[in-house]
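Comments concern the structure below.
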Amino acid sequence: MLAATDYPLLNIFWSMLLLFLWIAWFWILILILSDVFRRHDIGGVAKAVWVVFLIVAPFLGVFIYLITQSRGMTERRMKAAQAMQQQFDAQVRSAATTGGATAEIERAKQLLDSGAISAQEYEQIKAKALA
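Going by the working numbering, the first residue of the sequence shown is number 311, and it counts up by one from there.
So, in structure tokens, the structure goes:
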């Protein structure tokens with residue numbers, strides 16, 4: 311119980327606030343560094359300058375980057391999100407149009423009925439589609 315009296319409630323709140331700010335700071339730093347490395351509009355030298363600036367003068371570097379590049383960061387993130395959404399939509403469309411196992415078995419049955427495949431081949435296709 312001695313430890314609880316040595317560390318008052320306000321000190322706990324203060325420690326929690328500092329921990330939250332420390333985590334938020336590193337989150338912002340990671341976001342900026344990932345944006346710097348994902349950019350295609352600047353070269354390697356400019357990226358290296360930004361990284362050095364963020365390491366040497368972290369507060370100043372973060373604030374300057376956020377002030378000067380915030381619009382570009384937003385546009386790049388929106389383009390990446392749209393590209394991911396389009397890719398997801400294309401995958402869903404391709405999966406929906408194939409029809410799955412039922413459509414594959416139906417096509418195999420049509421081939422069997424037309425005589426293009428044997429009954430054994432039909433069973434293999436059916437087993438593969440159901441697996």
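C-beta atoms are modelled at their ideal positions from N, C-alpha and C, and glycine is treated no differently.
**Asked** If Trp-360 and Val-346 are in contact, beta carbons under 8 Å, what's the gap, nearest whole angstrom?
**Response** 5 Å
**Asked** Does the beta-carbon distance from Leu-440 to Tyr-432 come in below 9 Å?
**Response** no
**Runs of alpha helix (DSSP H) lying entirely within the region 358-416, each at least 4 residues, in chain order** = 368-408
**Message:** Are the CB atoms of Ala-418 and Lys-389 within a distance shorter than 9 Å?
**Reply:** no
**Prompt:** How about Ile-352 and Leu-376: are their beta carbons less than 9 Å apart?
**Reply:** no
**Request:** My understanding is that Leu-364 touches Leu-343, with C-beta atoms under 8 Å, so please give their C-beta distance in whole angstroms.
**Result:** 7 Å
**Request:** Could you check the C-alpha separation between Glu-385 and Thr-378 for me, to the nearest Å?
**Result:** 13 Å
**Prompt:** Just to confirm, are Leu-341 and Met-394 a CB contact at a threshold of 9 Å?
**Reply:** no
**Asked** For Ser-344, which of helix, strand or coil comes out of DSSP?
**Response** helix
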